[in-house]
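Asker: To start, I am sharing the structure in question, which I have written as structure tokens.
Chains as they are written, first to last, in our numbering: chain A, 1 to 504; chain B, 1 to 371.
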């Protein structure tokens, strides 16, 4: 039974802080949906975080696994979730009860940054803003299926669906490449050629009944009609939205189709968060630090704030901290646009001294970063604003894996290489690009996927397991073509055994 | 407050249990699979419990980082031995994680017992002082008012009102009648108060290599786990020997290597002494586990076998001899044992452990007697 989690109202001292923070945030021109803060205990927060922010989400063991890991991390003191914001109208944000008041202030300031980003960043413009309700609705539907068809069966089916949850087309909400249902039925291009009298031979009219016997004609017309119907049932590719392709063409039962659609819908909802991690965290951090250091801090808060803020910004050699990278890049942009360090003249100036002193007093910084938060996603953001100067200042490097020593080594400190690695890791949210090539492979209804190989091989054992799950959905043999060590390779699974074919 | 996650968490634990069962043989034979061992929890690594996706392998992968360092300098290790497992994608965290789950030893023992079809041990006569313990685990229609189950009572009343048609949704008043009352009830569990002692004996002469000791250590882990689940308190003593024997602590037991010869009787003598002084066979369930590569000084065999037959076997519940195959040992001793006691003996179990794969069978042989 789904229980709606009820929270107590915000204690008055926190409500006061909220009013204050909201006022500061609006003062800077941040624009957000109404924001509701809830105070929760650590185990509730871990629960909510396990469900990706939605305590009413559909049941599945993997959320339990997530919870186990979060709780363990918390109990061992390895990690602690400070904030959790949900892109929804109204926005929901969670505060941990045990946090210090300074932290609560900081978190609220940070949250308003996120809420502004959710509302205004273009990549979120197609997300469902009533997702809280939607998720609860999804949860209920899945629970109902579990009651009817058994927990195990439904959960196993979800396992298979989750294997392909990242195989969506993140751009399709904008371009409607695969509109859910065509609004108007247009005639097929070859409709004209297809006439009910196909197969008719020319004949004099008195011979016509003999040359073209009516029953043969009508049988022929029937055969053609059937063929065309069959043709329509045989899906073709290519399709970027593999999930949609499977919903449309796999032999799924109605409840299965619904479950898969639910998972797809949620995947699309979460996709922009994967596309804007650096910007979103950078933007929120930029605003918490601006608000806190200019207005929010009381003298007693300073040490706590500094400790927490620096903790959030800590970076490690093996992982670029999105908070840190985001905030520094935004500050860099603000500084450049304030000083007029952009445009043809500045770019073409190769006098280092002159460059260093460049300041036209343009004062466009704030305006520019608001524009950036409106238009860009991480990939575009890095592509456009990561500069050589920035890489040097923040000591960025690229690293690569070395099989012989089983280590990751610093690969280069050269700007193009660093940028390339970074852009690469952001392409398609760091996941391989997979698309459907054909849904009727060998004319036998087999599913053929292709991996658009761009330098890094797939992990083979995972590919095998994913194919097996895919087969559970498609119910016919499935294949994927990729490259392994430079050789064109096709992995296949026919329901009982895996096959690998390598081109010579 | 009941959290929604509790249900999913239980499902997860259930799946974990299934996975452990599935892989138990692997865990048993590869002791190193069992991670950090706490007082009553063990960490078990569970690869691939995650949902598989198409994702990047490590070949050609890399990413961007920040900080000092020269080109070519390693910044992070891969995950030797676990190539290709765990999460991570090109350009993000290179650290690869394997899911580790904590499993209570008791649960592990239960799985082991089920899987190896181990009979429950029946502690021997005099020591079976069982203690009764109550556990509230059921519902009855009668009982003292202090144990009345409110929820069940009202539930029953509601049920009755609905079936008799006296329930009015407009005025949802539920009035229990005496017949509706439900009470918590308990069942009595017999908890054996028996105590047990495990005496581990191992040959540490030169012919026993680290590989053999690893096998012994792995077997001992499972033996401990199982016996601990069967008894309230289990004492463990370690005896090492070459030509002479002494009792040592656990660490020394696994890490000592002597160069002397081998005299098994010396270990038996120490064991007999221990039993006499500390573990009265009338009060203790005694388990002897001896591991050796089967080398013994020939003239010692007589004395060893005599000690075993006259002093040890009459006092113990079970005596297990595990002969670990070694490149240096002659493997002679097990033949001597067989010659003296035959293949079947009520209290003596012999097992030859060729390699790690043999551990599974050996444990089953040792513990399968239910003694």
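Built from N, CA and C at the ideal position, the CB exists for glycine as well.
If I follow the unbroken beta strand (DSSP E) through residue 91 of chain A, where does it start and stop?
Answerer: Here residue 91 of chain A is taken as the residue at index 91 of the first chain, counted from 1. Note, residue 91 of chain A: beta strand (DSSP E), 91-96.
Asker: Who are the near neighbours of residue 197 of chain B in its chain, counting only those whose CB is closer than 6 Å to its CB and skipping five residues on each side?
Answerer: Locating residue 197 of chain B in the second chain gives position 197, counting from the first residue. Contacts found: 235, 279, 284, 286.
Asker: Report the three-state DSSP secondary structure of residue 474 of chain A (helix, strand or coil).
Answerer: Start at 1 with the first residue of the first chain, and residue 474 of chain A comes out as number 474. Of the three classes helix, strand and coil, the one that applies to residue 474 of chain A here is helix, per DSSP.
Asker: Closest Cβ-Cβ distance between residue 57 of chain B and chain A: below 8 Å?
Answerer: One-based indexing of the second chain puts residue 57 of chain B at position 57. Closer than 8 Å to some Cβ of chain A, the Cβ of residue 57 of chain B qualifies, so yes.
Asker: With a floor of 3 residues, list each beta strand (DSSP E) that falls wholly inside the segment 148-218 of chain B, ordered by position along the chain.
Answerer: For the segment 148-218 of chain B, the full-length beta strand (DSSP E) segments reaching 3 residues or more read 183-192, 195-203 along the chain.
Asker: Pick from A:441, A:272, A:457, A:414: whose alpha carbon is nearest that of residue 432 of chain A?
Answerer: Locating residue 432 of chain A in the first chain gives position 432, where the first residue counts as 1. The option with the nearest alpha carbon to residue 432 of chain A is A:457.
Asker: Under 8 Å between C-beta atoms, does residue 73 of chain B make it to chain A?
Answerer: On the second chain, position 73 is the one that residue 73 of chain B refers to. Yes, its Cβ sits closer than 8 Å to a Cβ of chain A.
Asker: Between A:44, A:162, A:37, which has its C-alpha nearest residue 51 of chain B's C-alpha?
Answerer: Walking along the second chain from the start, residue 51 of chain B turns up at place 51. Residue 51 of chain B has its Cα closest to that of A:162, out of A:44, A:162, A:37.
Asker: From the DSSP output, which residues share a beta bridge with residue 458 of chain A?
Answerer: For the purposes of this step, residue 458 of chain A is taken as residue 458 along the first chain, with counting starting at 1. Bridge partners of residue 458 of chain A: B:56.
Asker: Tell me whether residue 266 of chain A counts as near the ligand COA, meaning its Cβ is closer than 7 Å to at least one heavy atom of that ligand.
Answerer: The ligand COA is not part of this structure, which contains no ligands at all.
Asker: Please tell me whether residue 52 of chain B has its Cβ less than 8 Å away from any Cβ of chain A.
Answerer: Translated into the one-based positions of the second chain, residue 52 of chain B becomes position 52. At least one chain A Cβ lies under 8 Å of residue 52 of chain B.
Asker: What is the DSSP secondary structure of residue 342 of chain B, reduced to helix, strand or coil?
Answerer: For the purposes of this step, residue 342 of chain B is taken as residue 342 along the second chain, with counting starting at 1. The answer is coil: DSSP assigns residue 342 of chain B none of H, G, I, E or B.
Asker: Quick one: give me the first and last residue of the alpha helix (DSSP H) that residue 320 of chain B is part of.
Answerer: Sequence index remark: in the second chain, residue 320 of chain B carries index 320 (1-based). No alpha helix (DSSP H) holds residue 320 of chain B; the beta strand (DSSP E) holding it covers 318-324.
Asker: Give me the chain B residues within the contact set of residue 368 of chain A, using Cβ-Cβ distance strictly less than 8 Å, ordered along the chain.
Answerer: As a first step, residue 368 of chain A is located in the first chain; it is residue number 368 there, counting from the start. Simply none; closest approach about 24 Å.
Asker: Specify, as a first and last residue, the run of the beta strand (DSSP E) that residue 51 of chain B falls within.
Answerer: For the purposes of this step, residue 51 of chain B is taken as the residue at position 51 of the second chain. Element bounds for residue 51 of chain B: n/a, residue is neither H nor E.
Asker: Mapping the DSSP letters down to three states, classify residue 105 of chain A as helix, strand or coil.
Answerer: For this step, residue 105 of chain A is matched to residue 105 along the first chain. Reduced to three states, the DSSP call for residue 105 of chain A is helix.
Asker: How many whole angstroms separate the CB atoms of residue 324 of chain B and residue 353 of chain B, which I take to be in contact at a CB cut-off of 8 Å?
Answerer: As a first step, residue 324 of chain B must be located in the second chain, where it is residue number 324. As a first step, residue 353 of chain B must be located in the second chain, where it is residue number 353. About 5 Å; that satisfies the 8 Å criterion.
Asker: Using only the alpha-carbon positions, how far apart do residue 20 of chain B and residue 102 of chain B sit?
Answerer: As a position in the second chain, residue 20 of chain B is number 20, starting the count at 1. As a position in the second chain, residue 102 of chain B is number 102, starting the count at 1. The alpha-carbon atoms of residue 20 of chain B and residue 102 of chain B are separated by roughly 11 Å.
Asker: Beta-carbon within less than 8 Å of residue 11 of chain A's beta-carbon, same chain only, minus the 5 sequence neighbours each way: which residues are those?
Answerer: Position 11 of the first chain, counted from the start, is the residue given in the question as residue 11 of chain A. Once the five neighbours on either side are set aside, the close Cβ partners of residue 11 of chain A are 39.
Asker: Are three or more beta carbon pairs between the segment 107-116 of chain A and the segment 353-368 of chain A nearer than 8 Å?
Answerer: no
Asker: With DSSP as the reference, identify every bridge partner of residue 412 of chain A, one or two as the case may be.
Answerer: If you number the first chain from 1, residue 412 of chain A lands on position 412. Residue 412 of chain A pairs with A:398.
Asker: What's the call for residue 207 of chain A, buried or exposed, on a 16-neighbour Cβ count within 10 Å?
Answerer: Within the first chain, the letter at position 207 stands for residue 207 of chain A. Result: exposed.
Asker: Got a sec: which bits of the segment 4-16 of chain B sit with their beta carbon under 9 Å from any beta carbon on chain A, in order along the chain?
Answerer: 4, 5, 6, 7, 8, 9, 10, 11, 12, 13, 14, 15, 16
Asker: Smallest Cα separation from residue 154 of chain B: which of B:177, B:170, B:136?
Answerer: Counted from its first residue, the second chain places residue 154 of chain B at position 154. For residue 154 of chain B, the nearest C-alpha among the options comes from B:177.
Asker: What are the partner residues of residue 450 of chain A, as DSSP defines its beta bridges?
Answerer: Taking the first chain and counting its residues from 1, one reaches residue 450 of chain A at position 450. Residue 450 of chain A is bridged to A:435, A:481.
Asker: Decide if the segment 291-299 of chain A is in contact with the segment 440-452 of chain A; the criterion is three or more beta carbon pairs, one per stretch, under 8 Å apart.
Answerer: No: fewer than three Cβ pairs fall under 8 Å.
Asker: What residue from A:26, A:72, A:173 has the CA that sits closest to residue 244 of chain A's CA?
Answerer: Along the first chain, one-based indexing puts residue 244 of chain A at 244. Cα-wise, what sits closest to residue 244 of chain A is A:173.
Asker: Is the distance from the Cβ of residue 312 of chain A to the Cβ of residue 379 of chain A below 8 Å?
Answerer: For this step, residue 312 of chain A is matched to residue 312 along the first chain. For this step, residue 379 of chain A is matched to residue 379 along the first chain. It is not a contact, given that the beta carbons lie outside the stated cut-off.
Asker: Taking only three categories from DSSP, how would you classify residue 348 of chain B?
Answerer: Here residue 348 of chain B is taken as the residue at index 348 of the second chain, counted from 1. Correct three-state label for residue 348 of chain B: strand.
Asker: What's the gap between the Cα of residue 499 of chain A and the Cα of residue 465 of chain A?
Answerer: Against the first chain, residue 499 of chain A aligns to sequence position 499. Against the first chain, residue 465 of chain A aligns to sequence position 465. Straight-line measurement puts the Cα of residue 465 of chain A at about 12 Å from the Cα of residue 499 of chain A.
Asker: Using the three-state DSSP reduction, which class does residue 16 of chain A fall into: helix, strand or coil?
Answerer: In the first chain, counting from the first residue as 1, residue 16 of chain A sits at position 16. If DSSP states are grouped into helix, strand and coil, residue 16 of chain A belongs with the helices.
Asker: When you compare each of B:140, B:356, B:343 to residue 185 of chain B by their alpha carbons, which one comes out closest?
Answerer: The count along the second chain starts at 1 and reaches residue 185 of chain B at position 185. Per the Cα distances, B:140.
Asker: Give me the DSSP bridge partner(s) of residue 285 of chain B.
Answerer: One-based indexing of the second chain puts residue 285 of chain B at position 285. B:196, per the DSSP bridge assignment.
Asker: Ignore the nearest five residues each way along the sequence and tell me which others in residue 16 of chain B's own chain have a CB closer than 6 Å to its CB.
Answerer: In the second chain, counting from the first residue as 1, residue 16 of chain B sits at position 16. Counting only Cβ-Cβ distances below 6 Å, and skipping sequence neighbours, we find 101.
Asker: Can you tell which of A:82, A:32, A:92 has its C-alpha closest to the C-alpha of residue 53 of chain A?
Answerer: In the first chain, residue 53 of chain A corresponds to position 53, counting from 1. Of the listed residues, the one whose Cα sits closest to residue 53 of chain A is A:92.
Asker: Just to confirm the assignment: which complete alpha helix (DSSP H) runs, minimum length 4, are found wholly within the segment 262-313 of chain B?
Answerer: 264-277, 301-307
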